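Take a look at the structure below.
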Amino acid sequence: MKIKDWDPNLKVRLFSEAMMNITFWMFFPFLTIYFADEFGKNKAGLLLVFSQIFSVIANLMGGYCADRFGRKRMMVLSAIGQGLSFLAFAFASSPWFHSPWVGFLSFAVAGVFGSFYWPASQAMIADVVKEKDRSSVFAIFYTSINIAVVIGPILGSIFYVHYRFQLLLVAGMVCILLGLILFKWTRETAPFQRMADPSIDGKWYYFLINQLRDYSLIVKDKAFLLFILAGVLAGQTFMQLDLLIPVYIKDMVKTQNLFTFGDWSFSVRAEQAFGIVLAENGFLVALLTVFVTKWMSKYYERNVFVLSSIVYAISMVIFSQTHLIWGLIVAMAVFTLAELMGAGLQQSFVSKLAPEHMRGQYFAAASLRFTISRTIAPLSIPLTVWIGYGWTFLVLVILALFSSFLYWLMFYTFGKQSMKAGA
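Each residue of the sequence shown is one higher than the one before, starting from 7 at the first, in this note's numbering.
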């Protein structure tokens, strides 16, 4: 499906959200460094865990709100709320007022609004795109985000250190502008649905309770439970992309030359080094996702899942053993390969695990591996204070290797379940 044939809602969103995403990624990857410097690694890690709990709840409620109040309304309110939060963050980092606590609170509130925006934005695509074309439309939006991940950190590595206030100010204004654009040039797409029992379904907490009830199915399916546990352990590795890795680079990487040509050289500081490796990740994901997915589809899924976790472990070893920019670039290439190996196959495997009449519930519960990972992963930052970087990376290596074992055990269990079902 070509972009010219898209619903006007999606055309407006593609370009306006791209503008917002580039601005966002100019400063977001560096915030872990900021909070670690301001609060110390111990407190920063615990605060980030705390902030994620609210985002998790907001994400669960976001789907209910998108259905109950409409996609457009939630997206407009979320974009404007996020923009106001960034403006408050900018004020807390301004030349006239400096408060890390106000900055953190603003960051947490912005995360909540972002969690409300996501389900509504995905539902809108499903509302206006035929099922046969949805995968291609989702892929284009995904590619757009990864292009922002390439461009944003590169620009951020140049401007963030000296112009954080200005970046946050621009980000706030861009988010508010996005909200106004959505309000002016998009229409509501949510189908009208009458609640079956307003006295129950109409309660604001019903959707959250229903989601938690759905998640209880993971204890009834051993293979699915192992899938979740393996995903959570592997997630402790790939969630470090904007947590441990930027703090590690900030502390351990000194200013060094990236290129040298005769008498001319291009040197980079720690923040710029992180911007480069993060942009590398986004570039490789945008460029190679389809290729690697097709490549991995030729092999038995068990081997791909197990090998992906092992490659994650190898990337953590390389990160821990180098302070050189080119060593970090190699480590990130290995890290990205691990990310791409399983990315294209995990969703299709969930459909294999799920009984047809429970497929929606299984996909909802499968997101737990990201939700729990995102909540626990910031603990790696205080861990570096308690046991040091070397041991922290070793813990991540062990968790990744253990996840590979759980993936193997999951396929063994799934095979036994399939044999019993076929008997």
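All C-beta atoms, glycine included, are put in the ideal place defined by N, C-alpha and C. In this text the structure is predicted, and so the values were computed from the model without any measurement.
{"Query": "Does chain D have any CB closer than 7 angstroms to the CB of A292?", "Result": "Reference to chain D is not applicable here, since this structure consists of a single protein chain."}
{"Query": "Just verifying my parser: in three-state terms, what is the DSSP assignment at L330?", "Result": "coil"}
{"Query": "Going by DSSP, name the residue or residues bridged to F272.", "Result": "F265"}
{"Query": "Ignore the nearest five residues each way along the sequence and tell me which others in V312's own chain have a CB closer than 7 angstroms to its CB.", "Result": "S410, Y413, W414"}
{"Query": "For the alpha helix (DSSP H) containing G79, list its first residue and its last residue.", "Result": "The sequence shown places Arg at residue 79, not Gly. Its alpha helix (DSSP H) spans residues 77-98."}
{"Query": "Answer yes or no: do F244 and V82 have a C-beta to C-beta separation smaller than 7 angstroms?", "Result": "no"}
{"Query": "Mind the definition here: the region 394-411 touches the region 307-324 only if three or more C-beta pairs lie below 8 angstroms; say whether that holds.", "Result": "yes"}
{"Query": "Over the uninterrupted alpha helix (DSSP H) stretch that includes E44, give me the two end residues.", "Result": "37-45"}
{"Query": "Tell me which residue opens and which closes the alpha helix (DSSP H) that A114 is part of.", "Result": "106-134"}
{"Query": "Please report the straight-line C-alpha distance between N436 and V391, rounded to a whole angstrom.", "Result": "Nothing can be reported for residue 436, as the shown portion of the chain is limited to 7 through 429."}
{"Query": "So, at 7 angstroms on beta carbons, what are the nonlocal neighbours of F110 in its own chain, with the 5 sequence-adjacent residues on each side left out?", "Result": "F41, L53"}
{"Query": "Relative to the alpha-carbon of F171, which residue among V340, F95, F420 has its alpha-carbon at the smallest distance?", "Result": "F95"}
{"Query": "Tell me the rounded alpha-carbon separation between L37 and S424.", "Result": "46 angstroms"}
{"Query": "For the alpha helix (DSSP H) containing S251, name the first residue and the last one.", "Result": "First, the residue type needs correcting, since residue 251 is Ile and not Ser in the sequence shown. Taken as a continuous stretch (DSSP letters only), the alpha helix (DSSP H) holding I251 covers 250-258."}
{"Query": "The alpha helix (DSSP H) that contains L16, what's its start and end?", "Result": "14-31"}
{"Query": "Short check: CB of M26 to CB of L184, under 7 angstroms?", "Result": "yes"}
{"Query": "Going by alpha carbons, who is nearest to K47 out of V135, H104, L249, V310?", "Result": "L249"}
{"Query": "Assuming contact is defined by CB atoms lying nearer than 7 angstroms, are M347 and E286 in contact in what I supplied?", "Result": "no"}
{"Query": "Kindly indicate which three-state DSSP category Y395 falls into: helix, strand or coil?", "Result": "helix"}
{"Query": "Does T5 come out as helix, strand or coil in the three-state DSSP assignment?", "Result": "Outside the modelled stretch of the chain, which goes from 7 to 429, sits residue 5, for which no answer is possible."}
{"Query": "Determine the DSSP secondary structure at A196, reduced to helix, strand or coil.", "Result": "coil"}
{"Query": "Taking the C-alpha atoms as reference points, what is the distance between G241 and T29?", "Result": "26 angstroms"}
{"Query": "Nearest-angstrom Cα distance between S326 and W332?", "Result": "13 angstroms"}
{"Query": "Give me the Cα-Cα distance between I164 and G288, rounded to the nearest whole angstrom.", "Result": "17 angstroms"}
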